[in-house]
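Notes follow the structure.
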Amino acid sequence: MSRAPLPYSSKILELFRNPKNLGKMEDATVSAVAGSPACGDLIAFYLKISEDEVIEKASFESYGCAANIATASITTEMVKDKKLEEAWKISWKRVADEVGGLPTVKFHCGILSVGAIRRAIREFYKKKSKKPSWLHDELTFEEKHALEEEELARVLSKKLATVLSKKTGKE
Amino acid sequence: MFESVEELIKAHRGIEREVYLDVENSSATPAEIVDEMIPYFTEKAYGNPTMTHKPGWMAYETIQKASEQVAGYVGATSVEEINFTPSETEANNLALIGTALANKKKGNRIVISEIEPLSIMFSSKMLEKYGFEVEKIPVDREGFVSLERLLSAVDKETVLVSIMLVNHEIGTVEPIREAVEIVKEKNPEILFHTDASDAYGRIPVNARELGVDLMTLSSYKILGPRGVGVLYVREGVNVERLLEGQIGTQKLWPGVENVPLIIGFLKASELAFRNFDENISQMKKLRARLMSGIPERISETVLNGPRGDERAPDNVNISFLHCEGEALTIELSLKGVYVSSGSACTRLILQPSQVLTAIGRKFEEAHGSILMKVTRYHTDDDIEYVLKVFPEAVKRLRAMSPIKGSVE
């Protein structure tokens, strides 16, 4: 429960103050969400994908800390104008590098961003009932992490609710 | 990473006003206190109080006088009952571990509340590792400990109960006198400790009247210098030292006494108790302005902790739904308002403040919490400035969120 010093990079602060590609996209081809409010860490991505599978537009929404907002924003910049195959290959480490480095306790923000983008890409192909050769069934590290974080939040929230209901005899 | 911190600080240039409301986590020491301390570094009482020369005797005399004054402030009957430690953390560790070890023949059970500060939580965890049993008493939705549960938790194996007088996060003033009574009625052998760090200088604190055996005080929480705290130990109560070394005037803490810091703590106490009633009514006025002004300007907020006189006069703790607290502290910082949050994002593990979850806040409510403490140095203009910048800050972050709730 103790705290960690968080010397954010100037890039993170800049993206926190003036995030690029912020907001819901009404004409998105596909969208995906990762994280949960219980984690205090939730990202939504919206992608506009062309016929030849290029990401023409990307935007995000975030409920989270400054690192969460910054990594989500930079991820939209990184995937823009990329073919889906290239966007898929962007790892959380590249996202972390691109924001000028993340404090250790904030690695999960970069991981969650990439997990969410890959979810969106998977969703796109699922909708099209298509499966390119580079897209494997097995979840990548970032996707697994997103699932684990969501599962942890679910378990902890449930635990908390049980404790509270015992205490008050209701809820 | 040092360069990035420089950049972070530079980003604050040109802010209109700075309002520091994070006394929970550290504080500036007012010049009138530092001025009092400086001669004790440079010319006065700089000797070791156990040495047989004038600077040593002067140090001895200074510490004795300081202890006498502190004893007077907290209702101790002798200077022997006042033990200076390096901070609240050390005082709480000494109170828990030192008392448990010194009294372990009497039993191995410790009882604390669910909302104690980390120095109590973690030192009781350490005791568990060495064979003690620790029971945590639950609190209600405003943070009051359940006296029924306390009564059923203590037994003949219980050596120590520790419940804080005022909660550091939500300001709840606990019924310590009643708690001491019911505990001692059941088993008079049980020792009672209270961490009064958030009560001292804000509500009357008298160890004898409360009936406690041990009591912690902190210097920086009353705007004194960091690096000094006090553990009151009632005469006749056995506590074992946690550190060994040269023992001087402080029987429970070895090492050379830090006279300038003790003087700083003393001056901070003097200032808190001089015009006490005026200071408190000023704090209450500012607190009331924040507690009513924020929900008037911002929708979907939840007050954490009780209202009125059952709440510390300086404490404001509000959850902003659909708004993550760490991001909010940064957003406010860029506007010159310095506060802290119980969000998991400010912590090493993905869990928010245990105080807020103990009073029944959901995780998402705890993540959006902001803690502020007003002092007698804050002005009406400071608070109006806070009320001016808060709504824009919350609004911007809420607008970013995919969960909009019923927000505009």
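Protein chains in written order, with the numbering used here: chain F, 2 to 172; chain X, 501 to 908. Idealized CB from N, CA, C, for every residue including glycine. As the structure is a prediction and not an experimental result, all values here were calculated from the model.
Residue contact with chain X for Ala67 (chain F): present (Cβ-Cβ distance below 7 Å to some residue of chain X).
The same chain holds no residue with a CB closer than 7 Å to that of Lys160 (chain F) once the five nearest residues on each side in sequence are set aside. Chain X places a beta carbon closer than 7 Å to that of Leu165 (chain F), counting this residue as a contact. Taking a cut-off of 8 Å for Cβ pairs, the region 597-604 of chain X and the region 565-583 of chain X do not touch, as fewer than three such pairs fall below it. Nearest to Asn687 (chain X) by alpha-carbon distance, out of X:Ser662, X:Asn593, X:Arg677, X:Glu657, is X:Glu657. With at least 16 other beta carbons inside 10 angstroms of its own, Val712 (chain X) counts as buried. At least one CB of chain F lies nearer than 7 Å to the CB of Pro902 (chain X). Residue contact with chain X for Ser10 (chain F): present (Cβ-Cβ distance below 7 Å to some residue of chain X).
With a minimum length of 3 residues, the unbroken runs of beta strand (DSSP E) contained wholly in the region 43-68 of chain F fall at 56-64. When Cβ-Cβ separations below 7 Å define contact, Tyr64 (chain F) makes contact with chain X. Assignment of Ile610 (chain X) by DSSP, reduced to helix, strand and coil, places it in the strand class. Residue range 11-18 is occupied by the alpha helix (DSSP H) that includes Ile13 (chain F). Under the three-state reduction of DSSP, Lys656 (chain X) is assigned to coil, being neither helix nor strand. DSSP links Gly701 (chain X) through a beta bridge to no other residue. Distance from the CA atom of Glu86 (chain F) to the CA atom of Trp135 (chain F), rounded to whole angstroms, is 7 Å. Spanning the alpha carbons of Ala5 (chain F) and Ser623 (chain X) requires a straight line of approximately 20 Å.
Ala772 (chain X) is classed as buried because its beta carbon has at least 16 other beta carbons within 10 Å across all chains shown. Here Asp809 (chain X) is exposed, its C-beta having fewer than 16 other C-beta atoms within 10 Å. Within the same chain, and ignoring the five residues on either side of Leu742 (chain X) in sequence, the residues whose Cβ sits closer than 7 Å to its Cβ are Asn593, Leu594, Ile597, Gly598.
Taking a C-beta distance under 7 Å as the contact criterion, Ile870 (chain X) and Arg789 (chain X) do not qualify as a contact pair. Interface with chain F (7 Å Cβ-Cβ cutoff): Ser504 (chain X) is included. Straight across, the Cα-Cα distance linking Leu714 (chain X) with Tyr573 (chain X) is about 15 Å. Taking C-beta atoms as the reference points, Ser662 (chain X) and Ile703 (chain X) fail to come closer than 7 Å. By the Cβ test, the region 775-784 of chain X is not in contact with the region 531-549 of chain X, since fewer than three Cβ pairs between them sit closer than 8 Å. Relative to Val80 (chain F), the option among F:Pro104, F:Val115, F:Gly101 whose CA is nearest is F:Val115. For Ile798 (chain X), no beta strand (DSSP E) encloses it, and the DSSP letter there is neither H nor E.
Contact with chain X is absent for Leu48 (chain F), since none of that chain's Cβ atoms lies less than 7 Å from the residue's Cβ. For Val31 (chain F), the CB contacts under 6 Å within the same chain, skipping 5 residues up- and downstream, are Leu48, Ala121, Glu124, Phe125 in chain order.
A residue is called buried when at least 16 other Cβ atoms come within 10 angstroms of its Cβ; Tyr630 (chain X) does not meet this threshold and is exposed. Bridge partners of Ala35 (chain F) according to DSSP: F:Ile44. Collapsing the DSSP output to three states places Leu710 (chain X) in a helix. If you check each beta-carbon in the region 143-166 of chain F against every beta-carbon of chain X, the ones closer than 9 Å belong to Glu150, Leu153, Ala154, Leu157, Ser158, Leu161, Ala162, Val164, Leu165. Contact between Val570 (chain X) and Ser769 (chain X) holds: their C-beta atoms lie close to 7 Å from each other, under 8 Å.
Contact annotation for Phe863 (chain X) against chain F: Pro38, Ala39, Cys40, Gly41, Ala154, Leu157, Ser158, Leu161 [CB-CB distance below 8 Å, chain order]. If the five residues before and after Thr529 (chain X) are omitted, its C-beta is found closer than 6 Å to the C-beta atoms of Pro725, all from its own chain and listed in chain order. Contact note: Ala45 (chain F) reaches chain X through Pro902, using a C-beta cutoff of 8 Å and chain order.
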